[in-house]
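**Student:** Chains as they are written, first to last, in full-length UniProt numbering: chain A, 1 to 89; chain B, 1 to 245. Dropping the structure in here first, questions after.
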């Protein structure tokens, strides 16, 4: 099944649920009308939260830059011996 | 046990495709590091150069003298023709049963190659992809802005696409050759959206995908080829993938 079909099915299911809430008045009508808005806003907030958390926990590796410089030095020595031009522009 | 593993390595051959454009210095460094980190592995490097004006191909020819023309294959093209087609071109010359794709600018460190190979052997996965976003992985040299856009892009892609991998735009990957051939034939995007399309299509097709943490140190020599309107391209790519995969 294509992914978009999955998403559409999910949205249709949620809409059907929301419409049944409107019909049966389990929750007062005035609240039910606002539910989609609450849903979208919550989704947005969740997204922003995930971005924020991810940003704080973003793995960094400053020591790798140092190791890379060492590797480059080692490589240049070897390559120069073999007659390969390793000067930077 | 060591003897067994050596035999296993002998049966598998790994073709490493490296697209290059103006990577005169980086390619030499990369080749040295690859040979350093894969001492007991049967592999070849396929360098697809798009007519670099800086003499990249001359350096590759020198490297062939040092390491052997059977280990380093230069399969050049006349001009810049794009990443996707570079892989397709490289694939035609692969004699291995596994294909690794990686960048030439040393942001992908060859020291992770053994971990890719190990992971694939342990799990029998069809694809092993490097991820920068998990513990054990990471980036260096990224500004806060770049991290923010990366994280935002990732959250958006995860929400919309449910891809099953943590790093969608990464291009340090190991594929079974047959799997790469299958997936690449159905991909049409360009640039890094192409990388996303590859992994999403592979996921949809049900291929077994594993991840290994990698560290990504932003380009040391040369100018990065990232341009301007990335965000627009990215969003267009997401919508395209949402609808067609």
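C-beta: ideal position from N, C-alpha, C; glycine also.
(1) Taking just the CA atoms, how far does residue 244 of chain B sit from residue 19 of chain A?
(2) Do we get a CB-CB distance below 9 Å when we pair residue 86 of chain A with the residues of chain B?
(3) Mind listing the chain B neighbours of residue 40 of chain A? Cutoff is C-beta to C-beta under 8 Å, in chain order.
(4) What separation, rounded to the nearest whole angstrom, lies between the Cα atoms of residue 28 of chain B and residue 36 of chain A?
(5) Starting from the Cα of residue 210 of chain B, find the closest Cα among B/67, B/234, B/190 and B/173 and give me that residue.
(6) Going by Cα to Cα distance, which pick from B/154, B/159, B/127 and B/218 is closest to residue 205 of chain B?
(7) Roughly how far, in whole angstroms, is the beta-carbon of residue 17 of chain A from the beta-carbon of residue 151 of chain B, given that I think they are within contact range, below 8 Å?
(8) Would a check of beta-carbon distances place residue 81 of chain B closer than 9 Å to chain A?
(9) Kindly list the residues whose CB is nearer than 6 Å to the CB of residue 34 of chain B, restricted to its own chain and excluding five residues on each side of it in sequence; keep chain order.
(10) Would you kindly work out how many angstroms separate the C-alpha atoms of residue 75 of chain B and residue 118 of chain B, rounded to a whole number?
(11) Ordered along the chain, which non-local residues of its own chain (more than five positions away) have a Cβ less than 7 Å from that of residue 58 of chain B?
(12) What separation, rounded to the nearest whole angstrom, lies between the Cα atoms of residue 223 of chain B and residue 77 of chain B?
(13) Report yes or no: is there a C-beta of chain B within less than 9 Å of the C-beta of residue 51 of chain A?
(14) Which whole-angstrom value describes the C-beta separation of residue 74 of chain A and residue 217 of chain B, a residue pair presumed to lie in contact below a C-beta threshold of 8 Å?
(15) Are the CB atoms of residue 212 of chain B and residue 98 of chain B nearer to each other than 9 Å?
(16) Cβ atoms of residue 131 of chain B and residue 137 of chain B: under 9 Å apart, would you say?
(17) Just the Cα atoms here: how many angstroms apart are residue 19 of chain B and residue 12 of chain A?
(18) When you compare only the Cα positions, how much space is there between residue 178 of chain B and residue 40 of chain A?
(19) According to DSSP, residue 131 of chain B sits in a beta bridge with which residue or residues?
(20) Using a Cβ distance threshold of 8 Å, determine whether the region 179 to 191 of chain B contacts the region 84 to 91 of chain B, with at least three qualifying pairs required.
(21) So for residue 140 of chain B, helix, strand or coil by DSSP?
(22) Consult DSSP for residue 44 of chain B and reduce its assignment to one of helix, strand or coil.
(23) So with CB distances below 7 Å, who are the chain A contacts of residue 147 of chain B?
(24) Just the chain B side, please: which residues come within less than 9 Å of residue 17 of chain A by C-beta, in chain order?
(25) By the three-class DSSP mapping on this structure, what secondary structure does residue 176 of chain B have?
(26) Could you spell out where the beta strand (DSSP E) holding residue 48 of chain A opens and where it closes?
(27) For my contact list, residue 196 of chain B and residue 160 of chain B are in at a C-beta cut-off of 8 Å; report their separation, rounded to the angstrom.
(28) In this structure, does DSSP put residue 13 of chain B in helix, strand or coil?
(29) Quick check on DSSP: helix, strand or coil for residue 99 of chain B?
(30) Strictly by DSSP, which residues pair up with residue 20 of chain B?
(31) Nearest-angstrom Cα distance between residue 2 of chain A and residue 154 of chain B?
(32) Considering just the uninterrupted stretch of the beta strand (DSSP E) at residue 81 of chain B, what are its terminal residues?
(33) Do the CB positions of residue 186 of chain B and residue 94 of chain B come within less than 9 Å of each other?
(34) Would you grab the beta carbon distance between residue 52 of chain B and residue 219 of chain B for me? Rounded to a whole angstrom, and I think it's under 8 Å.
**Tutor:** The short version:
(1) 29 Å
(2) yes
(3) Near residue 40 of chain A there are no residues of chain B at all, since even the closest Cβ is about 13 Å away, more than 8 Å.
(4) 57 Å
(5) B/173
(6) B/127
(7) That belief does not hold up - the Cβ atoms of residue 17 of chain A and residue 151 of chain B are roughly 32 Å apart, past 8 Å.
(8) no
(9) 110
(10) 28 Å
(11) none
(12) In this prediction, residue 223 of chain B has a pLDDT of 48, which is less than 50 and means its spatial position is unreliable; nothing more can be read from the coordinates.
(13) yes
(14) Actually they are not in contact, since the Cβ atoms of residue 74 of chain A and residue 217 of chain B sit about 16 Å apart, beyond 8 Å.
(15) no
(16) yes
(17) 45 Å
(18) 42 Å
(19) B/213
(20) yes
(21) strand
(22) strand
(23) 55 and 58
(24) Correct list: empty, because the minimum Cβ distance to chain B is about 20 Å.
(25) strand
(26) Run containing residue 48 of chain A: none in the beta strand (DSSP E); it sits in the alpha helix (DSSP H), 29 to 56.
(27) The Cβ separation is near 11 Å, so there is no contact.
(28) strand
(29) strand
(30) B/49
(31) 21 Å
(32) Where residue 81 of chain B is concerned, there is no enclosing beta strand (DSSP E), given that its DSSP letter is neither H nor E.
(33) no
(34) Wrong, their Cβ atoms sit about 16 Å apart, outside the cutoff.
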